[in-house]
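Enquirer: Following this message is one structure expressed as structure tokens.
2 protein chains.
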Amino acid sequence: MRAGTKGVPRADRETQILDAADRLFGAGGYASTSVDAVAREAGISKPLVYQYFGAKDGLFAACLSRATHTLVDAIEDVARGESVGLERGVLTLAAIFATLEPHPYTWRLIFDGSAPADGPTRRARQEYQDRIVDLARDGVGEMLTLAGVSDPLDRDAMTVVWLRVVDALVDWWLEHPEQSADDMVRRSVRLITAVAASPASAPPPPSAI
Amino acid sequence: MRAGTKGVPRADRETQILDAADRLFGAGGYASTSVDAVAREAGISKPLVYQYFGAKDGLFAACLSRATHTLVDAIEDVARGESVGLERGVLTLAAIFATLEPHPYTWRLIFDGSAPADGPTRRARQEYQDRIVDLARDGVGEMLTLAGVSDPLDRDAMTVVWLRVVDALVDWWLEHPEQSADDMVRRSVRLITAVAASPASAPPPPSAI
DNA sequence: GTGGTAACTTACCGGAAAGTCAGTTCGACG
DNA sequence: CGTCGAACTGACTTTCCGGTAAGTTACCAC
């Protein structure tokens, strides 16, 4: 490919690069995705990526911001509503699935364990991911309080469990792309109901442990 | 450090290396842990690791086998018992926490996403990890059947959710090392009970979605 | 003692991927 | 038509890491 401009304005190219990066980071994670691969996926060369985003973690941070922005809005919307407990949980799931429907893999980069912990990524995280975690903690705390559980450690533990449950559902979704967001919501409701209605929902006698 | 033997027999050294690798793989994952770091952690040099384990994925496979072996036994023990539904779930959690108590980070390498998908690791996975997944699917399927849910896709989705819940609890445990295995079991029971007892456990009206 | 073997290390190779340089091409505007 | 800046690239350097070669030390059997 010869050098020289192809007449694509910077803003457009940046969007293309972010789309490509979103796909690859979402599929393979930060660590095992090379900038060169992103460039190829976007149909351009590596130096252009560096010219526009500075460094690999700058690219990732930009991806992260764009991805998280709409999600946070949707989740905050539910939080402002009047639902509580498991109902709020289900509504939140519905909001997440609906937002994610065009490209579910986006969820993966929000909790990518191989992403850098400092630099621009840290800033993007503080701006958005922490807000998701805070919202989750609020919802979980509310639900536990209603159920008579008030220990802050319980609340923290339940928060990470809840986030991981969402993670698992999205992962399962990625392996079943034929499912619609609505399918996913209905399935989640069935599963939550099944757990809640499970006959042996009382704790087993301590002697059994 | 001069070359030459230090008089440590191979079996002992192998155990030391596996201990070090277990720690580092558990903390940072396969991809971001270098063989050199494992060697330093074990107090020896890199070539010795290669001499004993052949390659990086051989080392990881050895780690994985050792880690999973006792876990599978413990979980199978519960599966052979007569408990079902959530009670079986809690008993399984208790068995996992008890087995993991000496070094909880071991759990992480069982489901390390950055581990290689073929070679020796594949074999180790087939031998052990797949059995954990199968056991989980059995237990989950049984529980869902009792609750009147029979869709195989529901069962598969619930299986990955359940495994991720265990994952989340172990992760939380790693950040709260002062908690005993028994503490973790009691906490899990409290959380499961809270979900089951949550007032709004009926699905919300479709119109709300 | 002395030779053989098991336990070790320093110093290196080669590839992959982050990041950089020195440009080349093209459209826009005078 | 000239020229200036924005878009764009091939080729390079650097760093890190998996893996290896070749040699050193110490124990042990005879």
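Quick mapping for you: the protein sequence lines, in order, are chains A and B. Per our numbering, the first sequence starts with residue -3, numbered consecutively. Per our numbering, the second sequence starts with residue -3, numbered consecutively. We put the beta carbon where it would ideally sit given N, CA and C, even for glycine.
Quick check: what's the CA-CA separation for Ala(-1) (chain A) versus Pro43 (chain A)?
Expert: CA-CA distance, Ala(-1) (chain A) to Pro43 (chain A), rounds to 12 Å.
Enquirer: What span of residues does the alpha helix (DSSP H) with Arg174 (chain A) cover, start to end?
Expert: Sequence check: residue 174 (chain A) is Glu here, not Arg. Annotation: Glu174 (chain A) is outside any alpha helix (DSSP H) and is labelled neither H nor E by DSSP.
Enquirer: Where does Thr66 (chain B) land, buried or exposed, given buried means 16+ other C-beta within 10 angstroms?
Expert: exposed
Enquirer: Going by C-alpha distance, which of A:Ile40, A:Ala27, A:Gly3, A:Lys2 is nearest Leu14 (chain A)?
Expert: A:Ile40
Enquirer: Which residues, taken in chain order from the region 140 to 151 of chain B, show a beta carbon closer than 9 Å to some beta carbon of chain A?
Expert: Leu140, Leu142, Ala143, Gly144, Val145, Asp147, Leu149, Asp150
Enquirer: With distance defined between alpha-carbon atoms, name the residue in A:Ala164, A:Glu138, A:Gly54 nearest to Phe107 (chain A).
Expert: Considering only alpha carbons, the answer is A:Ala164.
Enquirer: Beta-carbon separation of Gly109 (chain A) and Gly22 (chain B) under 9 Å?
Expert: no
Enquirer: In whole angstroms, what is the alpha-carbon distance linking Gly85 (chain B) and Val191 (chain B)?
Expert: Our two residues, Gly85 (chain B) and Val191 (chain B), have alpha carbons roughly 14 Å apart in a direct line.
Enquirer: Cβ of Ala75 (chain B) within 9 Å of Cβ of Leu131 (chain B)?
Expert: yes
Enquirer: Between Ala38 (chain A) and Ala111 (chain B), what straight-line distance do the alpha-carbon atoms span, to the nearest angstrom?
Expert: Taking the straight line joining both Cα atoms gives about 27 Å.
Enquirer: Identify the continuous alpha helix (DSSP H) that holds Lys52 (chain A) and give its terminal residues.
Expert: It spans 52 to 76 - the alpha helix (DSSP H) in which Lys52 (chain A) sits, taken as one unbroken run.
Enquirer: Start and end of the alpha helix (DSSP H) containing Lys42 (chain A)?
Expert: 42 to 49
Enquirer: Three Cβ pairs or more, each shorter than 8 Å: is that satisfied between the region 132 to 139 of chain B and the region 152 to 160 of chain B?
Expert: yes
Enquirer: In or out: Ser194 (chain A) buried (at least 16 other Cβ within 10 Å) or exposed?
Expert: buried
Enquirer: Whose Cβ in chain A lies nearer than 8 Å to the Cβ of Trp103 (chain B)?
Expert: Simply none; closest approach about 13 Å.
Enquirer: Quick one: is Thr117 (chain B) buried, meaning 16 or more other Cβ sit within 10 Å of its Cβ, or exposed?
Expert: buried
Enquirer: For Gly206 (chain B), count neighbouring C-beta atoms within 10 Å of its own C-beta (all shown protein chains included) and say buried if the count is 16 or more, exposed if not.
Expert: Because chain B here runs from -3 to 205, residue 206 (chain B) falls outside it and cannot be looked at.
Enquirer: Output the distance between the C-alpha atoms of Glu97 (chain A) and Asp179 (chain B), rounded to the nearest integer angstrom.
Expert: 39 Å
Enquirer: Please classify Met154 (chain A) as buried or exposed, where buried requires at least 16 other C-beta atoms within 10 Å of its C-beta.
Expert: buried
Enquirer: Give me the subset of the region 4 to 20 of chain B whose CB atoms are less than 8 Å from a CB atom of chain A, sorted by chain position.
Expert: Taking 8 Å as the upper bound on Cβ-Cβ separation, chain A lies near no residue of the region 4 to 20 of chain B.
Enquirer: Taking Ser184 (chain B) as the reference, which of B:Thr88, B:Gly144, B:Leu60 has the closest Cα?
Expert: B:Thr88
Enquirer: Are the C-beta of Ala111 (chain A) and some C-beta of chain B separated by less than 9 Å?
Expert: no
Enquirer: Val166 (chain A) and Arg127 (chain A) - do their beta-carbons sit closer together than 9 Å?
Expert: no
Enquirer: Rank B:Glu174, B:Glu171, B:Val145 by C-alpha distance to the C-alpha of Thr189 (chain A) and give the top, closest one.
Expert: Distance check between Thr189 (chain A) and each of B:Glu174, B:Glu171, B:Val145 places B:Val145 closest, using alpha-carbon atoms only.
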